Structure formats: structure tokens, C-alpha cells
DNA sequence: GTGCAAATTCAAGTGAACTTGAGGTCAAGA
DNA sequence: TCTTGACCTCAAGTTCACTTGAATTTGCAC
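Chains as they are written, first to last, in the working numbering: chain A, 2 to 137; chain B, 2 to 137.
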């Protein structure tokens, strides 16, 4: 359980000190002690920060992420909700796979107008039908 | 090539009229005509909007998305860059897979402190080593 | 002990992506 | 023709996630 200062945490996580203070302010992470005024962190915050970054990448707000990670505090940890969140992430992954394929298609296909291309149409149509179910 | 009004586009895409006007303002989409003042859209904008939504989900800014989709305008379309973007999307997908597994793990694992759990540690360590390569 | 680079707080500022509101226009149905 | 509801423009406001700057404090190398 070694203690790391804010600069070290910042260096290892890629998150700026100002952001680390902000995360603390909104209750996402905490420094386990102070050396004078200076924050000292347990290295487990590195895990937390990695999860936070992934959560952000998945499109969750910091509040939502806080609810997921901090759920264990004060007796919470809604396991069903967590699986639901994982489902959302997997849905997002499916979207991104379509996007990746679409980008590569556009990069490779000679057709000037992709809306006519049957391959492209097939991709978009399946994406669109899935999307309409989502925001319906 | 049927024309749809802004309400219909909004309904089918899930994007609010105000956002559609905003997208037009920044050059992401365009209405192909006006009926009086009112915008009339070609239904191909539905494809574009779906791609925009996926791009947003992948974490790209509207400007970046504009550069990807609008590249064909005025002779651009950097195919290599597009493959590079697809690579980025696939990297993001890998992150999200880790997140999904981490969430399900936390939901299912009885351990109170996951930083001790070897399964969890393995996931996080691989994620962390990949992350450090990214922001190094 | 002295100096100073690096930390701290707190308030205000920033950029992205929209939304809202006020005031005006107009297509279409009764 | 007249009404009316949906659309328009343009400026200003909002939220989120931070960043920046000013004023202050302090751990640590010398």
C-alpha cells in the first residue's frame, strides 16, 4: 500500500492534477492522506482512474460512473444495474463496430455516392433499424 | 429522393430540430431545399445522422466527424486517414470490452475489495499497461 | 535556517454541443 | 380568406468536464 503523490498519479494515469482534484471534489476518488497540505494516494486509485477513463470512453457521465464505482459505499452495489450498464456498453460496442466497418468501406469503395452502394446500404439499414428501436 | 421536413427527420433520427439546425450551421448536414422558409431534407441525411451519432458515440468531435464525412467535398477524402480513424474506433472497442467485463465481474464477484481479486487484477493490469502506452 | 519548486485553495474562465426564448413568417386546412 | 401551429432566425443561456490564475503554503535539498 504505497503512497504516491499527485504528480506521480498524474504521470501514471495520464490524468492532470487539476482533473484529479476535480474528481476528488465531486467524490469520484479520494486521497487517503495528506502530507501537510499535499495529497497522498493509494495506488489503487490507478485502477479507479482507468475505470473512469473507460467509463468516459463508453459515454457515461462522471455522475453515472460515480454511481457505478461508489455503489459499494454505504451499502449499495446494485448488481442488476451493473449488468444493465454492461449491456449498454455492449450495445455501444456494436455501434462502434458498424462505424468501423463504415469508415473502412468509405475508405476503400470507389463509388462516389455510398447511399447507392448495396454493401453500404445493408450496413446502414441494419444500423438504422437498430437505432430506431433505441430512440423510439 | 423524397423530401422530408424537419419534424419527420427528427422523429426518424431521434435528433431534435434544434440540433439539426445546429448541425447545418456548422456544415455537417444540409437541407437540399426550402419550402418557403422550411427546410426539406433528402432522406440520405438519415444515413449521415446515423453516422454522426456513431461518431459521437466513438468520442469524435463534430469537427472531426465533419472532416471524415465531408472529406469527399471539394476533393479530399483521405483514405489512409479514414483507416486510421477506424483503427482508433477499434482501439476504443477494446477498451469498452474491458469495461464490460469489469462491470460484470464487479456485479458477480463476492469479494469486497476487487483490487485483491486475481481475476480483476489481470483485467486491470492489461488495461493499465495498454493505457500507459497510449498516454506515454 | 533558507530558498524555491511544487503543492494548495478558491473563484472565474473555457470549449463543445446544444437548448431556449423572443419575435417574426408562412403552408395548409376549415 | 383567415387562422393557427409548425417553422424560421438570432442572441443568449445551460451543462459538463475541466483549466487557469492569483494568492498562499510548505516539503525538502542545500
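All residues carry an ideal CB built from backbone N, CA and C; glycine is no exception. Quick caveat, the model's predicted, so the values are computed rather than measured.
Worksheet item: Tell me, which residues are paired with residue 39/B by DSSP?
Response: 36/B
Worksheet item: Would residue 62/A be called buried (16 or more neighbouring beta carbons within 10 Å of its own) or exposed?
Response: exposed
Fill in: Helix, strand or coil at residue 5/B [DSSP, three-state]
strand
Discussion item. On a Cα-Cα basis, can you pick out the residue from 89/B, 128/B, 95/B that is closest to residue 91/A?
Written reply: 95/B
Worksheet item: When DSSP labels each residue in this structure, what does residue 59/A get in the three-state scheme?
Response: coil
Worksheet item: Roughly how far, in whole angstroms, is the beta-carbon of residue 99/A from the beta-carbon of residue 69/B, given that I think they are within contact range, below 8 Å?
Response: Going by Cβ atoms, the distance from residue 99/A to residue 69/B rounds to 14 Å, so no, they are not a contact pair.
Worksheet entry | Beta carbon proximity, residue 96/A to chain B, threshold 9 Å | yes
Fill in: Through-space distance from residue 66/B to residue 58/B, alpha-carbon basis
11 Å
Discussion item. Report the CB separation of residue 44/A from residue 83/A in whole angstroms; it is logged as a contact under 8 Å.
Written reply: Actually they are not in contact, since the Cβ atoms of residue 44/A and residue 83/A sit about 24 Å apart, beyond 8 Å.
Practice prompt. At 7 Å on the CB atoms, spell out the chain B contacts of residue 91/A, in chain order.
Written response: 101
Worksheet entry | First and last residue of the uninterrupted alpha helix (DSSP H) at residue 101/A | 80 to 109
Item to complete: Compare the C-beta of residue 140/A against all C-beta atoms of chain B and say whether one is closer than 9 Å.
Response: One cannot answer for residue 140/A here, as it falls past the ends of chain A, which runs 2 to 137.
Worksheet item: Would residue 48/B pass as a contact of residue 38/A if the rule is Cβ separation under 9 Å?
Response: No, the pair does not count as a contact, with Cβ atoms beyond the cut-off.
Worksheet entry | Alpha-carbon spacing of residue 120/A relative to residue 103/A, whole angstroms | 10 Å
Worksheet item: In chain order, what residues of the same chain lie with their CB nearer than 7 Å to the CB of residue 31/B, ignoring the 5 residues before and after it?
Response: 25
Worksheet item: Going by the CB atoms, is the gap between residue 97/B and residue 93/A shorter than 9 Å?
Response: yes
Discussion item. Which residue wins for smallest C-alpha separation from residue 3/A, given the options 46/A, 87/A, 20/A, 126/A?
Written reply: Nearest C-alpha to residue 3/A: 46/A.
Worksheet entry | N-terminal and C-terminal residue of the alpha helix (DSSP H) that residue 21/B is part of | 18 to 26
Worksheet entry | Three-way DSSP call (helix, strand, coil) for residue 45/A in this model | For residue 45/A, the secondary structure class from DSSP, reduced to helix, strand or coil, is helix.
Fill in: Residues that residue 51/A contacts on chain B, provided the C-beta gap is smaller than 8 Å
Result: 125, 128, 129, 132.
Fill in: residue 116/A - containing alpha helix (DSSP H), residue span
Neither: residue 116/A is in no alpha helix (DSSP H) and is coded neither H nor E.
Worksheet entry | DSSP state of residue 30/B mapped onto helix, strand, coil | Look at residue 30/B here: in three-state DSSP terms it is coil, with no helix or strand label.
Practice prompt. Put residue 15/B into one of helix, strand or coil per three-state DSSP.
Written response: coil
Discussion item. Using a Cβ-Cβ cutoff of less than 8 Å, which residues in the same chain neighbour residue 41/A once the five nearest sequence positions on both sides are dropped?
Written reply: 4, 5, 6, 32, 33, 34, 35
Item to complete: Have a look at residue 10/B and residue 125/A and give me their C-alpha separation to the nearest angstrom.
Response: 16 Å
Fill in: Member of 85/B, 122/B, 113/B, 50/B whose CA lies at the smallest distance from the CA of residue 1/A
Chain A is shown only over 2 to 137; residue 1/A falls outside these bounds and no answer can be derived.
Worksheet item: List, in order along the chain, the chain B residues whose C-beta lies closer than 7 Å to that of residue 20/A?
Response: Residues of chain B passing the Cβ test: none, with the nearest at roughly 12 Å.
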